[in-house]
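Presented below is the structure to which this report refers.
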Amino acid sequence: MTKAIEVKNLEVSFPTPSGYSAVVRGISLTISPGERIAIVGESGSGKTMLGLSMLGIQPASAKVTGEVIIGDVDMVSANDATARKLRGNYISMVFQEPLTSLNPVRTISSQLTESVRRHNKMSKSEAEDRVLEILTSVGIPAPKERMKSYPHQLSGGLRQRVMIALALINKPALVVADEPTTALDATIQAQILDLLRSGMGDAALMLITHDLAVAADVCNRIVVMYAGNIVEQGPVAEILGNPRHPYTRGLLNAIPKFDKARPPLMPIPGSPPTITEVVSGCRFASRCTYADSQCTASEPKFIDNLACFHPVVGASK
Amino acid sequence: MKKTLMPFTRRDISIKKSTSPVILKFSAAILTALFLIAIFQSFLYTVDPAFLDLDARLLAPSIGGPWLGTDALGQDVFSRVIAGFRWSLGIGTIGTTIGVLIGLSLGIGAAWSRNRMRVILSRIIDIGISFPYLIIAVTIVTVVGRGFWPLALTLGLVCWPTIARVVYAETLTLREREFVTAARLFGIGSFTSIVTHILPALRPTIQVVTAFTFAELLIAESGLSFLGLGAPLGTPTWGNMLNDSRTYMAQAPWMMLGPVVAIIVTIFAANLLGEGLNAREKSKSGRVSQ
Amino acid sequence: MFSSSGWSLKVSPENKILSAVDLSVSFKVSNALLRAVDTVNFYVNSGETVAIVGESGSGKTTLALSLIRSTQPTSGQIFFEGQDVTKLSEKNLKPFRKNVQMVFQDPYSSLDPRMNVGQVIGEPLKAHFKGTSADRNERAAELLVSVGLNGDLLDRRASQFSGGQRQRIAIARALALDPKVVIADEPVSALDVSTQAQIVNLLQKIQEERNISYVLVSHDLRLVYHLATRVVVMYLGKVVEEGNCDDVVADPQHPYTAALLSAVPALDEASRRDRIVLNGSPPSPIARPTGCSFHPRCPIARPECATQTPELQSLPDGRKVACFYPGELQAHVSFTSSK
């Protein structure tokens, strides 16, 4: 798959007592082949719903408009049969908790071979060879024996590797990983982050996380989301060294760092708007130190990788 | 029927109002009406329920005469059904109360204790659940005889194990909640903890269980009276009336009508109340995301 | 001995307010003995913040819970202000309970969702002080203000607040009895990044105002570095390294500490390049490796590490390490410097 993946004006909304309310508000995004991008946001940013709707597995009550173009197919308007051909094949997902995403009553091998044979014409032994190959490439020790294990017999880190193997086995164009390391211990997280960084093969990676450091560790591009919108995006070095959006800056200032002087953390006051809250103008304005009347009057458009009337200039601390 | 939204932030999202408040109000209204009938029964009699008229036996229902006909002793079926309210609802209420008191105490006691005590108490609950209720009924009838209070006691002793089991399971989970640990770490004693934290948290479950138990006990009372283990012969309870109507099913089918309708309406209302309470509690807890 | 660059601390050296001596906590798990905490010595001085770090199975949470006598130690002693409180009954523990409090990780389950804020904060007050509910409400309102919330919120149910606000309420509750020590078990990990910063600042402010000692259990090394003076690193129930935060992070002596530091997701390229990656996963405390419990995963393990167990040794600068080859494995932590 050599085409980029395009998200055009994606909007995901949920029914509320006062009508439909958007959780993802008209997002457009292009993911180049083999690229690793991180969607960074806090709770309420809509990042998880973005990932789910790109795969077409959003909750049934959600209304999705816009386009998600993978190859030549638009996932949003595709019928069930087409969507199922793409899922696990051209686009796949890694979830946060592998214990609940893997079938506990089937062996690793059977789950992996099922996926590979569903999307490719292969004999059982060819499929098993492919399974062995992918398990080795994600770094599972003694893969021939491990293949026959059940998910609960593996440690958290190994399970997550199996999930990644499952995501990669059909050589997808894009792997969406939603907080894949949040539930793991620190040293295991480091292993998985290394795997995500260098073990994706030709697949592109969309890493959804709340942790800017994890994003910087794995990806080459960072997309910052706030309350349903993309507020800023750019290469990792740019975002970390020269963040233009006040929210991005706020996030960076709020993280403790290894700094001998222990400068006080600068939290972002207040909290994000709720799904039903109606906000006029920029959705971050109420918490922004640079906001003025222009910001509450109208919402800034996303131009030149930034959605802000008053971008901040100068390197971050 | 009820739509639930997937909460996407840790904030409360209000859910579209479900139909459960209507169910709740409806069933509560019916039950209130039934209890009022029981209280004001003497005003509703068309005829004194104890009045026998052997010349007017097995009369069919009619508008001018007995509304639901008369039974084998010439007693007015309608008035007897009305008289049955006090007995049946009374038995149900008292039996349920006994059951809830015992069930709560044993359930919380078992969940709160440790090691051997917990094993002993939970075994007692298990034995209670498997204990055949007829044996209890027969024993009490043999020892104490038949009557209102023996029957209420029997019913109470029959229903407490299920209540205890539910309370036990839920208290076990509640006990692991951090706010209970926190209370202990303030130096708060077990009893205070149970009263301030466990009982209020159990309240919705107890409400639901009470409603369903009440309905069950009504059926049980009818069953026991039907078997001759409940109210003394001649007492106007619905179970007795069903029993009497058995012999005359071909000749006077209306004898069954009154008590059957009364039982069905009461059980229906009680079950509906339980469902409504259950639904209300579920919709409350669905609001805050885990 | 304590580096205090940029801080204002009132740390009294050698004033161990809470300590554990040779503490062990073991559990019976279907015929096997699980040693969650294995002969640990721990102390926190007045006004100081000590962090306990480790991964799953390290015993850090069990250690914290036994320090507050929530879990009963199997052997060893716990001292509070010089008094042995290990075996005191709940009745005699009341003064201890008043002085040592805890803040839990999950703000959604550490407050009773059915109670209102006034009752939540008033609960410890009720247990220790006689007085009317009006008195308690007054005190609760004061406490709410001191944690940055509005004093009028007493009648609201706990379930109506956000995670960050709930954690503030939990902190207000912990402060109600004016404790000398607060044990915080991952106090901010369940919160958003921007809220974390708010709570961290609050914790620091409270410490400065009241000279409270903190025992911080956390997996977030950056947070630990920011908040703690001293850090204790645990692996499989034992302390493997202990020392000043500044020194331990700049120059870790134990290979596990180096690996932990190296595993912190890097905000920059350099730290990532030299990342130390350990094999396998933290072993289960039931099936302990022989010799040094870290040796199966240790990048610099030698043959004798499998047969001999290193004891915790003191180094000249006050550091303690349990390793036969301390200082050999280096982690490259990039320090930033604020202008």
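Chains as they are written, first to last, in the working numbering: chain G, 39 to 355; chain X, 92 to 381; chain P, 22 to 360. Beta carbons are placed, not taken as given, at the ideal position from N, Cα and C, and that holds for glycine. Here the structure is a predicted model, which means the values were calculated and not measured.
Under the three-state DSSP convention, the category residue i falls into
i: T60(P); result: strand
i: R74(G); result: strand
i: N115(P); result: The sequence shown places Lys at residue 115(P), not Asn. In this structure, K115(P) counts as helix in the three-state DSSP scheme.
i: Q298(X); result: helix
i: T278(P); result: helix
i: Y128(G); result: coil
i: Q96(G); result: coil
i: A199(P); result: For clarity, residue 199(P) is Asp in the given sequence; the question names Ala instead. Note: D199(P) maps to coil in three-state DSSP.
i: Y285(G); result: helix
i: E105(G); result: strand
i: G57(G); result: strand
i: K49(P); result: strand
i: R178(P); result: strand
i: F169(X); result: helix
i: T95(X); result: With a pLDDT of only 35 at T95(X), under the threshold of 50, the placement of this residue in the model should not be trusted; the figure read from the coordinates follows. Reduced to three states, the DSSP call for T95(X) is coil.
i: I341(G); result: strand
i: R63(G); result: strand
Residue-chain proximity (residue i, chain P), Cβ-Cβ < 8 Å
i: G10(G); result: Residue coverage of chain G in this structure runs from 39 to 355, which leaves residue 10(G) outside it and unanswerable.
i: G377(X); result: Because G377(X) sits at a pLDDT of 47, beneath the cut-off of 50, its placement in the model cannot be relied upon, and the point is left open.
i: L368(X); result: no
i: S81(G); result: yes
i: A273(X); result: yes
i: N141(G); result: no
i: R268(X); result: yes
i: A292(X); result: yes
i: F277(X); result: yes
i: L137(G); result: no
i: G272(G); result: no
i: S161(G); result: no
i: L289(G); result: yes
i: D255(G); result: yes
i: H248(G); result: yes
Check whether residue i and residue j have beta carbons under 8 Å apart
i: K85(G); j: G94(G); result: no
i: G195(G); j: I226(G); result: yes
i: T314(G); j: S59(G); result: yes
i: M244(G); j: G89(G); result: yes
i: R321(G); j: P307(G); result: no
i: L246(X); j: A302(X); result: no
i: W203(X); j: T137(X); result: no
i: V61(G); j: L48(G); result: no
i: A274(X); j: M123(P); result: no
Cβ separation of residue i and residue j, assumed to be a contact under 8 Å, to the nearest whole Å
i: V203(P); j: A195(P); result: 6 Å
i: F131(X); j: S130(P); result: Contact doesn't hold; Cβ gap of about 49 Å is too wide.
i: D223(G); j: A287(P); result: Incorrect: roughly 17 Å between the Cβ atoms, too far for contact.
i: I227(X); j: L248(X); result: 5 Å
i: I185(X); j: A243(X); result: 4 Å
i: F317(X); j: L333(X); result: 6 Å
CB contact check: residue i to chain G, cutoff 8 Å
i: G27(P); result: Confidence at G27(P) is low in this model, with a pLDDT of 35, below 50, so the placement of that residue should be treated as unreliable; the coordinate-derived value is given next. True, the Cβ-Cβ gap to chain G drops below 8 Å.
i: A279(P); result: no
i: A205(P); result: no
i: P276(P); result: no
i: N171(P); result: no
i: T21(P); result: This structure cannot settle anything about residue 21(P), because the visible part of chain P is limited to 22 through 360.
Min CB distance residue i to chain X below 8 Å
i: M255(P); result: no
i: F125(P); result: yes
i: E144(P); result: yes
Using a Cβ-Cβ cut-off of less than 9 Å, give me the residues of the segment 148 to 162 of chain P that come near chain X, in sequence order. A148, H149
Mind checking the segment 222 to 237 of chain G against chain P and listing, in chain order, the residues whose C-beta falls within less than 7 Å of any C-beta there? D223, A224, T225, I226, Q227, A228, Q229, L231, D232
Pull out every residue of the segment 294 to 307 of chain G whose Cβ sits closer than 9 Å to any Cβ of chain P, in chain order. P294, K295, F296, D297, K298, A299, R300, P301, P302, L303, M304, P305, I306, P307
What are the residues of the segment 190 to 203 of chain G that lie near chain P, defined by any Cβ-Cβ distance shorter than 8 Å? S193, G194, G195, L196
Under 9 Å, CB to CB, which of the residues in the segment 305 to 323 of chain P have a partner in chain X? none
Relative to chain G, which residues along the segment 256 to 269 of chain P have a C-beta separation below 9 Å, given in chain order? D267
Short of 8 Å Cβ to Cβ, which residues in the segment 211 to 233 of chain P face chain G? D213, V214, S215, T216, Q217, A218, Q219, V221, N222, Q225
Where the segment 319 to 353 of chain P meets chain X: residues whose CB sits under 8 Å from a CB there: none
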